[in-house]
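Some notes on the structure that comes next.
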Amino acid sequence: MPTSHPSGWAHADGALRGPSWLREPTDANSLVPILWSSTATKDDGVLSVGGVSVPDLVAEHGSPAYVLDERDFRERARAFADAFADYDVYFAGKAFLSTTTVRWLAEEGLHLDVCSGGELTVAERAGFPMARVGFHGNNKSVRELERAVALGVGRVIVDSFDEVERLAAVTEELGRTVGVMVRVTAGVEAHTHEYIATAHEDQKFGFSIASGDAFDAVRRVEAAPGLRLLGLHSHIGSQIFDSSGFEVAARRVLALHARVSEELGVQMPEMDLGGGFGIAYTTQDDPSDPAQLATELTKIVEHECRALAVDVPRLSIEPGRAIVGPAMCTVYEVGTVKEVALDGGARRTYVSVDGGMSDNIRTALYDADYSCTLASRASGAPPLLSRVVGKHCEAGDIVVKDEFLPADVRPGDLLAVPGTGAYCRSMASNYNHVLRPPVIAVRDGKTSVVLRRETEDDLLSVDVGVEVGMDVGA
């Protein structure tokens with residue numbers, strides 16, 4: 267976690283120069299290709315995605331808006347499917363889910379991982395093959411489990427002894443059998459933010475290998491008549507660039523896999539390595555491509571299986587961010603530009619836009635870094651270190667902490683933030699009763715609405731006081 271200066275961020279060393287990795291561009295109008303979807307281009311300063319200019323898109327659909335590059339999304343999904351051809355590739359629906367994208371995933375041959383009854387409903391309404399669905403979550407209700415089993419999901423990833431008993435009772439009542447993966451914690455602390463590191467011992471997910479709970483959970487699943495033991499599931503965190511964490515986790519999970527075979531006489535056919543593959547949010551990030559990841563992960567698993575003298579199980583992975591993250595950007599309109607005087611004569615430029623933490627909570631929640639660009643025109647002004655902030659009544663409502671924008675950025679300009687496909691719309695809220703933006707898919711010069719913009723009627727539809735009414739007379 268970054269540390270703060272006791273007198274505030276404005277006094278911290280380097281605060282007004284930006285982070286050490288941020289370099290002043292020679293041209294503030296240019297794009298950094300690794301941050302953007304594959305069809306994003308600029309012509310005379312105007313950003314286009316999928317052959318649609320951002321100003322034209324905003325004229326038709328308003329701002330703010332999430333812009334989803336269909337071609338890029340499909341290309342990334344297909345790249346994972348091709349690179350991991352011997353695996354089952356589950357798209358992590360929590361990153362972003364809609365019936366449209368679920369249908370794209372089905373067409374590209376991927377599986378789907380869901381973690382709530384609502385996400386399961388999206389998959390069902392989209393007509394996704396239930397045999398290719400995995401149901402995750404650390405506190406699934408009886409109703410959710412009943413529905414999952416009745417729909418015929420391919421696997422349920424169990425996360426507690428309570429859930430093992432609950433699921434066994436559900437299968438007995440329904441007279442069905444369901445495949446089960448046992449979520450384990452390998453004691454690996456991925457180099458990521460504390461809140462998105464998920465394989466260390468002190469957190470809510472899974473059964474500890476070190477304590478023996480994971481082995482006990484496998485034993486209980488194997489003994490339950492309606493549960494078909496498939497294998498072990500491990501997930502070490504999110505936004506990970508280094509395969510060393512996967513290596514340590516695979517060694518510990520496969521050691522448990524071998525122990526189950528030796529002591530229980532059970533051959534588990536599958537193992538899930540999880541996801542968490544990182545993307546480039548800024549120039550400091552250096553993600554691996556799917557082919558490189560496939561080579562590294564397969565080599566790790568094969569090496570450990572040889573050392574343990576066990577067969578290589580059927581492997582699966584769960585990319586979410588790595589597919590949808592770079593495929594989407596968010597477009598905002600600038601409302602105000604404010605220069606604030608700081609101690610010592612320094613000044614910071616605040617560029618306020620018409621969205622904020624209600625459509626991208628990650629900066630406030632995870633101290634995440636983002637980039638942005640002027641999307642509606644070219645500028646000859648020199649680059650100016652700026653902070654892009656939202657319209658919410660919170661000092662922490664920051665969209666982009668530090669970025670060089672043209673010094674003449676002004677109200678009415680459009681800004682675009684890349685890499686917002688994962689967790690931005692999924693975690694969006696109505697804070698301050700702000701309406702959630704639409705998701706607009708673009709391809710071959712055409713737009714289509716994936717999720718429409720919310721209306722004030724949508725907000726008030728759950729407010730029972732509107733229906734009841736109240737006497738406001740004098």
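Residue numbers for the sequence shown follow our numbering, so the first one is 267 and each next one is one higher.
Note that CB positions come from ideal geometry on N, CA and C, so glycine has one too.
{"Item": "Answer yes if the stretch 496-504 comes into contact with the stretch 333-348, meaning at least three C-beta pairs across the two stretches below 8 Å, and no otherwise.", "Value": "no"}
{"Item": "Under the three-state reduction of DSSP, which class applies to residue 740: helix, strand or coil?", "Value": "Its pLDDT being 47, under 50, residue 740 is placed unreliably in this model, and the coordinates cannot settle the point."}
{"Item": "In chain order, what residues of the same chain lie with their CB nearer than 7 Å to the CB of residue 648, ignoring the 5 residues before and after it?", "Value": "673"}
{"Item": "Just to confirm before moving on: does the CB-CB distance between residue 601 and residue 677 stay below 8 Å?", "Value": "yes"}
{"Item": "For residue 591, name the three-state secondary structure that DSSP assigns.", "Value": "coil"}
{"Item": "Please state the DSSP three-state secondary structure of residue 339.", "Value": "helix"}
{"Item": "Using 10 angstroms around the beta-carbon of residue 618, count the other beta-carbons present and answer buried if the total reaches 16, otherwise exposed.", "Value": "buried"}
{"Item": "What beta strand (DSSP E) runs, 3 residues minimum, are completely inside the stretch 594-646?", "Value": "594-607, 613-619"}
{"Item": "Using only the alpha-carbon positions, how far apart do residue 430 and residue 493 sit?", "Value": "9 Å"}
{"Item": "Go ahead and pull the three-state DSSP assignment for residue 712.", "Value": "strand"}
{"Item": "Ignore the nearest five residues each way along the sequence and tell me which others in residue 288's own chain have a CB closer than 7 Å to its CB.", "Value": "668"}
{"Item": "Closest by CA to residue 309, which one among 319, 302, 519?", "Value": "319"}
{"Item": "Use the C-beta contact count for residue 724: other C-beta atoms within 10 angstroms, 16 or more gives buried, fewer gives exposed.", "Value": "exposed"}
{"Item": "Which residues in the same chain as residue 282 place their Cβ atom closer than 6 Å to its Cβ, once the five residues preceding and following it in sequence are excluded?", "Value": "612"}
{"Item": "Three or more C-beta pairs closer than 8 Å, one from the stretch 315-330 and one from the stretch 554-571: is that the case here?", "Value": "no"}
{"Item": "Touching or not, the stretch 713-728 and the stretch 342-356, by the rule of three or more beta carbon pairs under 8 Å?", "Value": "no"}
{"Item": "Roughly how many angstroms lie between the CA atoms of residue 525 and residue 685, to the nearest whole one?", "Value": "42 Å"}
{"Item": "Could you round the C-beta distance between residue 593 and residue 711 to whole angstroms and report it? I think they count as a contact, below 8 Å.", "Value": "Not really, about 17 Å apart at Cβ, beyond 8 Å."}
{"Item": "Any idea which residues DSSP pairs residue 428 with across the strands?", "Value": "According to DSSP, which records beta bridges pairwise, residue 428 is partnered with nothing at all."}
{"Item": "Hey, which unbroken runs of the alpha helix (DSSP H) at 4 residues or more fall wholly within the stretch 436-511?", "Value": "479-489"}
{"Item": "Are residue 713 and residue 326 touching if we call contact CB-CB under 8 Å?", "Value": "yes"}
{"Item": "Looking only at its own chain, which residues have a Cβ that is under 6 Å from the Cβ of residue 662, when we skip the five neighbours before and after it?", "Value": "630"}
{"Item": "Using a C-beta cutoff of 8 Å, does residue 568 count as contacting chain C?", "Value": "Any reference to chain C falls outside this structure, which holds one protein chain only."}
{"Item": "Run the CB neighbour count on residue 437, radius 10 Å, all protein chains shown included, and call it buried at 16 or more, exposed below.", "Value": "buried"}
{"Item": "Across which residues does DSSP place residue 399 in a beta bridge pair?", "Value": "378"}
{"Item": "So, does the stretch 621-630 touch the stretch 694-704, judging by three or more C-beta pairs under 8 Å?", "Value": "yes"}
{"Item": "Consult DSSP for residue 394 and reduce its assignment to one of helix, strand or coil.", "Value": "coil"}
{"Item": "Work out the CA separation of residue 646 and residue 385 for me, nearest whole Å.", "Value": "46 Å"}
{"Item": "How would you call residue 412, buried or exposed, if buried means at least 16 neighbouring beta carbons within 10 angstroms?", "Value": "buried"}
{"Item": "Taking the Cβ atom as the reference point for each residue, do residue 376 and residue 389 lie within a distance shorter than 8 Å?", "Value": "no"}
{"Item": "Relative to the C-alpha of residue 307, which candidate in 300, 567, 315 has its C-alpha closest?", "Value": "315"}
{"Item": "Assign residue 694 to one of three DSSP states: helix, strand, or coil.", "Value": "coil"}
{"Item": "Given residue 284, which residues of its chain have a CB within under 7 Å of its CB, disregarding the five upstream and five downstream residues?", "Value": "651, 668"}
{"Item": "Looking only at DSSP bridge pairs, what is residue 264 linked to?", "Value": "No statement about residue 264 is possible, as the shown extent of the chain runs from 267 to 740 and does not include it."}
{"Item": "What first and last residue would you give for the beta strand (DSSP E) that runs through residue 667?", "Value": "664-672"}
{"Item": "Would you mind sorting residue 565 into buried or exposed? The rule is 16 or more other CB atoms within 10 Å of its CB.", "Value": "exposed"}
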